[in-house]
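Take the sequence shown: its position 140, counted from the start at 1, is 123 in the working numbering, and no numbers get skipped.
Glycine residues also receive a C-beta, built at the ideal position from the N, C-alpha and C atoms.
So the structure is just underneath, and the comments pick up after that.
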Amino acid sequence: MTLADKITTHRKSQGLSQEDLAELSQISLRTIQRIEGGKSIPRGYTLKSLAQALGKPVEEFAGQAEVAEPLPVVQEQELAQLITPTTGTSPAALNMWLQQLNISSFAFLVLPYLGFLVPLWLWKKQPEGSEARVLGARVVNFQVLWCVGLHLGLLLALGVQLALAYYFQVRLGFLVIGTFFFFYVLNIVAILYGAVKLRTSQNLYPVGFYLFG
(Lines of atoms letter the chains of each structure in order from A and count residues from 1; the text may use other names and numbers.)
(Lines give C-alpha, C1' and ligand atoms only; values in the text may rest on other atoms or scores of the structure.)
Protein backbone atom coordinates (compact mmCIF):
# COMPACT_ATOMS: atom_id res chain seq x y z
CA MET A 1 0.00 0.00 0.00
CA THR A 2 1.39 3.37 -0.99
CA LEU A 3 1.57 6.34 1.35
CA ALA A 4 -1.24 8.05 -0.57
CA ASP A 5 -3.45 4.95 -0.23
CA LYS A 6 -2.67 4.64 3.48
CA ILE A 7 -3.62 8.27 4.18
CA THR A 8 -6.81 7.91 2.14
CA THR A 9 -7.73 4.66 3.93
CA HIS A 10 -7.20 6.14 7.41
CA ARG A 11 -9.20 9.23 6.48
CA LYS A 12 -12.16 7.26 5.15
CA SER A 13 -12.09 4.80 8.06
CA GLN A 14 -12.61 7.76 10.41
CA GLY A 15 -15.43 9.14 8.29
CA LEU A 16 -13.52 12.27 7.36
CA SER A 17 -13.84 14.12 4.09
CA GLN A 18 -10.85 15.77 2.44
CA GLU A 19 -12.21 19.10 3.66
CA ASP A 20 -12.37 17.78 7.24
CA LEU A 21 -8.78 16.54 7.06
CA ALA A 22 -7.62 19.87 5.63
CA GLU A 23 -9.27 21.72 8.52
CA LEU A 24 -7.90 19.37 11.20
CA SER A 25 -4.35 19.39 9.83
CA GLN A 26 -4.34 23.07 8.87
CA ILE A 27 -3.16 22.05 5.39
CA SER A 28 -4.88 23.36 2.28
CA LEU A 29 -7.46 21.19 0.52
CA ARG A 30 -5.46 21.39 -2.72
CA THR A 31 -2.40 19.93 -0.99
CA ILE A 32 -4.50 17.10 0.53
CA GLN A 33 -5.88 16.27 -2.92
CA ARG A 34 -2.39 16.21 -4.45
CA ILE A 35 -1.08 13.96 -1.67
CA GLU A 36 -3.94 11.47 -1.95
CA GLY A 37 -3.62 11.56 -5.72
CA GLY A 38 0.03 10.55 -5.44
CA LYS A 39 1.21 13.81 -7.02
CA SER A 40 2.95 15.07 -3.89
CA ILE A 41 4.87 13.33 -1.09
CA PRO A 42 4.34 14.87 2.37
CA ARG A 43 7.42 15.48 4.49
CA GLY A 44 8.40 17.36 7.62
CA TYR A 45 5.69 19.68 8.90
CA THR A 46 3.08 18.40 6.43
CA LEU A 47 3.62 14.76 7.39
CA LYS A 48 3.49 15.53 11.12
CA SER A 49 0.28 17.53 10.72
CA LEU A 50 -1.42 14.74 8.77
CA ALA A 51 -0.38 12.09 11.28
CA GLN A 52 -1.63 14.20 14.18
CA ALA A 53 -4.94 14.91 12.45
CA LEU A 54 -5.47 11.20 11.77
CA GLY A 55 -4.40 10.23 15.29
CA LYS A 56 -1.56 8.05 14.02
CA PRO A 57 2.15 8.02 14.92
CA VAL A 58 4.39 9.76 12.42
CA GLU A 59 6.50 6.61 12.17
CA GLU A 60 3.59 4.82 10.49
CA PHE A 61 3.93 7.13 7.50
CA ALA A 62 7.56 8.25 7.74
CA GLY A 63 9.03 5.05 6.32
CA GLN A 64 7.02 5.29 3.13
CA ALA A 65 7.56 9.03 2.83
CA GLU A 66 11.25 8.38 2.36
CA VAL A 67 10.58 6.28 -0.73
CA ALA A 68 10.24 8.76 -3.56
CA GLU A 69 10.00 8.26 -7.27
CA PRO A 70 13.28 8.63 -9.19
CA LEU A 71 13.98 12.20 -10.17
CA PRO A 72 13.82 12.94 -13.90
CA VAL A 73 17.05 13.85 -15.64
CA VAL A 74 17.37 17.62 -15.87
CA GLN A 75 20.00 20.02 -17.01
CA GLU A 76 22.35 21.52 -14.43
CA GLN A 77 20.78 24.95 -14.91
CA GLU A 78 17.31 23.57 -14.23
CA LEU A 79 18.55 21.68 -11.17
CA ALA A 80 20.11 24.85 -9.79
CA GLN A 81 16.76 26.60 -10.09
CA LEU A 82 15.00 23.80 -8.24
CA ILE A 83 17.41 23.82 -5.30
CA THR A 84 16.88 26.63 -2.82
CA PRO A 85 18.10 27.08 0.77
CA THR A 86 14.59 26.45 2.08
CA THR A 87 14.30 22.98 0.56
CA GLY A 88 17.06 21.69 2.79
CA THR A 89 16.79 20.52 6.35
CA SER A 90 18.29 23.63 7.95
CA PRO A 91 15.76 25.29 10.28
CA ALA A 92 17.85 28.47 10.15
CA ALA A 93 17.55 28.69 6.35
CA LEU A 94 13.80 28.11 6.51
CA ASN A 95 13.40 30.68 9.27
CA MET A 96 15.39 33.26 7.30
CA TRP A 97 13.27 32.71 4.18
CA LEU A 98 10.06 33.06 6.19
CA GLN A 99 11.39 36.32 7.64
CA GLN A 100 12.05 37.60 4.12
CA LEU A 101 8.59 36.52 2.98
CA ASN A 102 6.98 38.22 5.95
CA ILE A 103 8.93 41.48 5.53
CA SER A 104 8.10 41.54 1.80
CA SER A 105 4.49 42.16 2.85
CA PHE A 106 5.51 45.75 3.62
CA ALA A 107 5.14 46.30 -0.13
CA PHE A 108 1.51 47.12 0.72
CA LEU A 109 2.75 50.56 1.81
CA VAL A 110 3.35 51.33 -1.88
CA LEU A 111 0.14 49.70 -3.15
CA PRO A 112 -2.30 47.52 -1.17
CA TYR A 113 -2.26 44.72 -3.76
CA LEU A 114 1.53 44.44 -3.57
CA GLY A 115 1.12 43.31 0.03
CA PHE A 116 0.10 39.85 -1.21
CA LEU A 117 1.41 39.86 -4.80
CA VAL A 118 5.07 40.16 -3.77
CA PRO A 119 4.87 37.39 -1.10
CA LEU A 120 2.81 35.28 -3.53
CA TRP A 121 5.55 35.54 -6.15
CA LEU A 122 8.20 34.46 -3.63
CA TRP A 123 5.96 31.69 -2.28
CA LYS A 124 5.27 30.20 -5.72
CA LYS A 125 9.00 29.68 -6.25
CA GLN A 126 9.00 27.00 -3.52
CA PRO A 127 8.47 23.30 -4.38
CA GLU A 128 4.95 21.92 -4.02
CA GLY A 129 4.40 20.24 -0.63
CA SER A 130 7.58 21.66 0.93
CA GLU A 131 7.59 22.91 4.51
CA ALA A 132 8.42 26.41 3.27
CA ARG A 133 5.36 26.39 1.02
CA VAL A 134 3.05 25.18 3.79
CA LEU A 135 4.24 27.71 6.38
CA GLY A 136 4.66 30.54 3.89
CA ALA A 137 1.06 30.13 2.73
CA ARG A 138 -0.07 31.62 6.05
CA VAL A 139 1.63 34.92 5.20
CA VAL A 140 0.09 35.06 1.72
CA ASN A 141 -3.36 34.07 2.96
CA PHE A 142 -3.30 36.70 5.70
CA GLN A 143 -2.34 39.43 3.24
CA VAL A 144 -5.12 38.40 0.85
CA LEU A 145 -7.58 38.49 3.75
CA TRP A 146 -6.27 41.91 4.80
CA CYS A 147 -6.65 43.32 1.28
CA VAL A 148 -10.24 42.06 1.03
CA GLY A 149 -10.99 43.44 4.50
CA LEU A 150 -9.54 46.83 3.54
CA HIS A 151 -11.83 47.15 0.52
CA LEU A 152 -14.91 45.96 2.40
CA GLY A 153 -14.10 48.29 5.30
CA LEU A 154 -13.73 51.30 3.00
CA LEU A 155 -16.99 50.50 1.21
CA LEU A 156 -18.80 50.14 4.54
CA ALA A 157 -17.34 53.39 5.86
CA LEU A 158 -18.31 55.20 2.67
CA GLY A 159 -21.85 53.79 2.86
CA VAL A 160 -22.25 54.87 6.50
CA GLN A 161 -20.85 58.31 5.70
CA LEU A 162 -23.27 58.82 2.80
CA ALA A 163 -26.23 57.51 4.83
CA LEU A 164 -25.49 59.87 7.73
CA ALA A 165 -25.13 62.81 5.38
CA TYR A 166 -28.36 62.01 3.50
CA TYR A 167 -30.68 61.10 6.37
CA PHE A 168 -29.26 63.07 9.31
CA GLN A 169 -27.23 65.81 7.61
CA VAL A 170 -24.23 64.65 9.63
CA ARG A 171 -20.89 64.79 7.86
CA LEU A 172 -18.09 62.58 9.14
CA GLY A 173 -15.32 63.28 6.70
CA PHE A 174 -12.78 61.37 8.77
CA LEU A 175 -14.66 58.05 8.64
CA VAL A 176 -13.22 56.76 5.34
CA ILE A 177 -9.74 58.11 6.05
CA GLY A 178 -9.86 56.72 9.58
CA THR A 179 -10.83 53.27 8.28
CA PHE A 180 -7.97 53.42 5.78
CA PHE A 181 -5.40 54.26 8.45
CA PHE A 182 -6.85 51.65 10.83
CA PHE A 183 -6.30 48.83 8.33
CA TYR A 184 -2.82 50.07 7.48
CA VAL A 185 -1.79 50.22 11.13
CA LEU A 186 -3.35 46.77 11.67
CA ASN A 187 -1.24 45.26 8.89
CA ILE A 188 1.95 46.91 10.10
CA VAL A 189 1.34 45.49 13.58
CA ALA A 190 0.58 42.04 12.12
CA ILE A 191 3.80 41.98 10.07
CA LEU A 192 5.89 43.09 13.04
CA TYR A 193 4.13 40.52 15.22
CA GLY A 194 4.99 37.84 12.67
CA ALA A 195 8.64 38.92 12.66
CA VAL A 196 8.83 38.70 16.45
CA LYS A 197 7.00 35.37 16.57
CA LEU A 198 9.42 33.86 14.05
CA ARG A 199 12.15 34.17 16.65
CA THR A 200 10.47 31.47 18.72
CA SER A 201 8.08 29.74 16.29
CA GLN A 202 7.49 29.16 12.58
CA ASN A 203 3.71 29.13 12.92
CA LEU A 204 2.81 32.45 11.31
CA TYR A 205 -0.63 34.01 11.26
CA PRO A 206 -2.82 31.17 12.64
CA VAL A 207 -5.83 32.27 10.56
CA GLY A 208 -8.28 29.56 9.52
CA PHE A 209 -8.43 30.79 5.95
CA TYR A 210 -6.83 29.05 2.97
CA LEU A 211 -6.79 30.38 -0.57
CA PHE A 212 -3.23 29.41 -1.45
CA GLY A 213 -1.36 26.47 -0.01
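Given that a residue counts as buried once 16 or more other Cβ atoms are within 10 Å of its Cβ, and exposed if not, what is residue i?
{"i": "residue 74", "result": "exposed"}
{"i": "residue -4", "result": "exposed"}
{"i": "residue 141", "result": "exposed"}
{"i": "residue 104", "result": "exposed"}
{"i": "residue 145", "result": "exposed"}
{"i": "residue 173", "result": "buried"}
Suppose you measure from the CA of residue i to the CA of residue j; what does that come to, to the nearest Å?
{"i": "residue 183", "j": "residue 119", "result": "16 angstroms"}
{"i": "residue -10", "j": "residue 77", "result": "27 angstroms"}
{"i": "residue 28", "j": "residue 178", "result": "20 angstroms"}
{"i": "residue 154", "j": "residue 135", "result": "21 angstroms"}
{"i": "residue -15", "j": "residue 131", "result": "40 angstroms"}
{"i": "residue 10", "j": "residue 111", "result": "12 angstroms"}
{"i": "residue 43", "j": "residue -7", "result": "11 angstroms"}
{"i": "residue 92", "j": "residue 108", "result": "23 angstroms"}
{"i": "residue 94", "j": "residue 45", "result": "43 angstroms"}
{"i": "residue 202", "j": "residue 180", "result": "Any question about residue 202 goes unanswered here, given that the chain covers just -16 to 196."}
{"i": "residue 138", "j": "residue 99", "result": "20 angstroms"}
{"i": "residue 5", "j": "residue 15", "result": "7 angstroms"}
{"i": "residue 176", "j": "residue 12", "result": "27 angstroms"}
{"i": "residue 22", "j": "residue 33", "result": "16 angstroms"}
{"i": "residue 156", "j": "residue 164", "result": "14 angstroms"}
{"i": "residue 198", "j": "residue 158", "result": "Any property of residue 198 remains undetermined from this structure, which presents the chain solely from -16 to 196."}
{"i": "residue 25", "j": "residue 143", "result": "48 angstroms"}
{"i": "residue 30", "j": "residue 106", "result": "20 angstroms"}
Which one of the options has the shortest CA to CA distance from residue i?
{"i": "residue 19", "options": "133, -12, 173, 142", "result": "-12"}
{"i": "residue 102", "options": "122, 17, 32, 139", "result": "122"}
{"i": "residue 96", "options": "106, 105, 133, 79", "result": "133"}
{"i": "residue 35", "options": "8, 24, 26, 21", "result": "8"}
**Study point:** Cβ contact (3+ pairs, closer than 8 angstroms) linking the stretch 79 to 89 and the stretch -5 to 2
**Key:** no
Check your understanding: Do the stretch 133 to 152 and the stretch 102 to 118 touch if we need at least three Cβ pairs shorter than 8 angstroms?
Key -> no
Exercise for review: Determine, using beta-carbon pairs with one atom in the stretch 121 to 137 and one in the stretch 34 to 45, whether at least three such pairs fall under 8 angstroms.
Suggested key: no
Point to revise | Three-pair Cβ contact test at 8 angstroms for the stretch 155 to 170 versus the stretch 77 to 86 | key: no
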